[in-house]
Ligand SMILES: Cc1cc2nc3c(=O)[nH]c(=O)nc-3n(C[C@H](O)[C@H](O)[C@H](O)COP(=O)(O)O)c2cc1C
């Protein structure tokens, strides 16, 4: 099968397979504060690490143009210069999903999902207490991406990780983070998710 981007329907694919192809994608569960200090929490699967010295991550917000009002996580990160990435786990899947509700800008999705938050160390947005790993980030810049919807927008929000919190319980005897102890969630296409439950290792060729 061959088709040019956007032409999947003519090939009998009712849903765009792009996100099922670029899968699994980690979920950045992003905490921000608005200018008045209200907490905002939302999952982003257009999320990843893009550098490690220093560590840099991004989340990408899609669907809303600047004129209409970008998503709250983006607006808050740009306004306050900070965000926190919480790791979404198998145990937290329902709460993570609940925090994707489109609540008005200043409403707290963490409270809506019944999640307890705890203070961060170097940045002001708080962390999801039940999540085993948090990365405190300082906002770097927003890259505006092309958007086929004239009323929409796509934005890549980059941040530098300035601090990590890792629950000791997920660190193994060799001092390595063992993902099988917390089963990070990943987003696939359609309505599908995966949880990482198995790991294998390989040596790079010398
Ligand atoms: C697992 C999951 C992943 C999501 N990934 C994205 C994403 O990468 N980009 C995006 O714009 N919205 C994504 N969403 C939808 C947002 O979470 C949703 O629009 C949310 O209301 C945004 O909240 P905010 O306005 O408080 O930032 C995702 C939702 C779920 C459940």
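Numbering (our numbering), first residue to last: 1 to 206.
Beta carbons are placed, not taken as given, at the ideal position from N, Cα and C, and that holds for glycine.
*asked:* Going by beta-carbon coordinates alone, are residue 177 and residue 170 separated by less than 7 Å?
replied: Residue mapping note: residue 177 aligns to position 177 of the chain shown, counting from 1. Residue mapping note: residue 170 aligns to position 170 of the chain shown, counting from 1. Residue 170 sits close to residue 177, with the two beta carbons spaced by under 7 Å.
_Using 8 Å for Cβ pairs, my map puts residue 82 next to residue 54. What's the rounded Cβ distance?_
Numbered from 1 along the chain shown, position 82 holds the residue referred to as residue 82. Numbered from 1 along the chain shown, position 54 holds the residue referred to as residue 54. Their Cβ separation, rounded to whole angstroms, is 16 Å, which puts residue 82 and residue 54 out of contact at 8 Å.
*Entirely enclosed alpha helix (DSSP H) segments - the segment 97-151, minimum 4 residues*: Along the length of the segment 97-151, whole alpha helix (DSSP H) runs at least 4 residues long occupy 109-112, reported in chain order.
*With a threshold of 6 Å, establish whether the CB of residue 148 neighbours any heavy atom of ligand 1.*
Taking the first residue of the chain shown as position 1, residue 148 is located at position 148. Incorrect: residue 148 has no Cβ contact closer than 6 Å to ligand 1.
*For residue 176, the first and last residue of its enclosing beta strand (DSSP E)*: Numbered from its first residue, the chain shown carries residue 176 at position 176. In the DSSP annotation of this structure, residue 176 is not part of any beta strand (DSSP E), being labelled neither H nor E.
*asked:* Among the candidates 152, 166, 158, whose CA atom is the shortest distance from the CA of residue 64?
replied: Taking the first residue of the chain shown as position 1, residue 64 is located at position 64. Shortest Cα-Cα distance from residue 64 to any of 152, 166, 158 involves 152.
*Roughly how many angstroms lie between the CA atoms of residue 27 and residue 146, to the nearest whole one?*
Mapped onto the chain shown, residue 27 falls at position 27. Mapped onto the chain shown, residue 146 falls at position 146. Their backbone Cα atoms lie some 22 Å apart in a straight line.
*With burial defined as no fewer than 16 other Cβ atoms inside 10 Å of the residue's Cβ, what is the status of residue 135: buried or exposed?*
Counting from one through the chain shown, the residue named residue 135 turns up at place 135. The residue in question, residue 135, is buried, as its Cβ has 16 or more Cβ neighbours within 10 Å.
*Using the beta-carbon count (16 or more within 10 Å), is residue 41 buried or exposed?*
Your numbering for residue 41 matches position 41 in the chain shown. Buried, since its Cβ has 16 or more Cβ neighbours within 10 Å.
*Who are residue 193's beta bridge partners in DSSP?*
Translated into the one-based positions of the chain shown, residue 193 becomes position 193. Looking at the DSSP assignment, residue 193 forms a beta bridge with 187.
*Pocket of ligand 1 defined by Cβ to heavy atom distance under 6 Å*: Proximity to ligand 1 was defined by a C-beta distance below 6 Å to any of its heavy atoms, and the residues meeting it, in sequence along the chain, are 27, 40, 42, 43, 44, 45, 46, 60, 61, 62, 63, 71, 72, 73, 97, 100, 102, 187.
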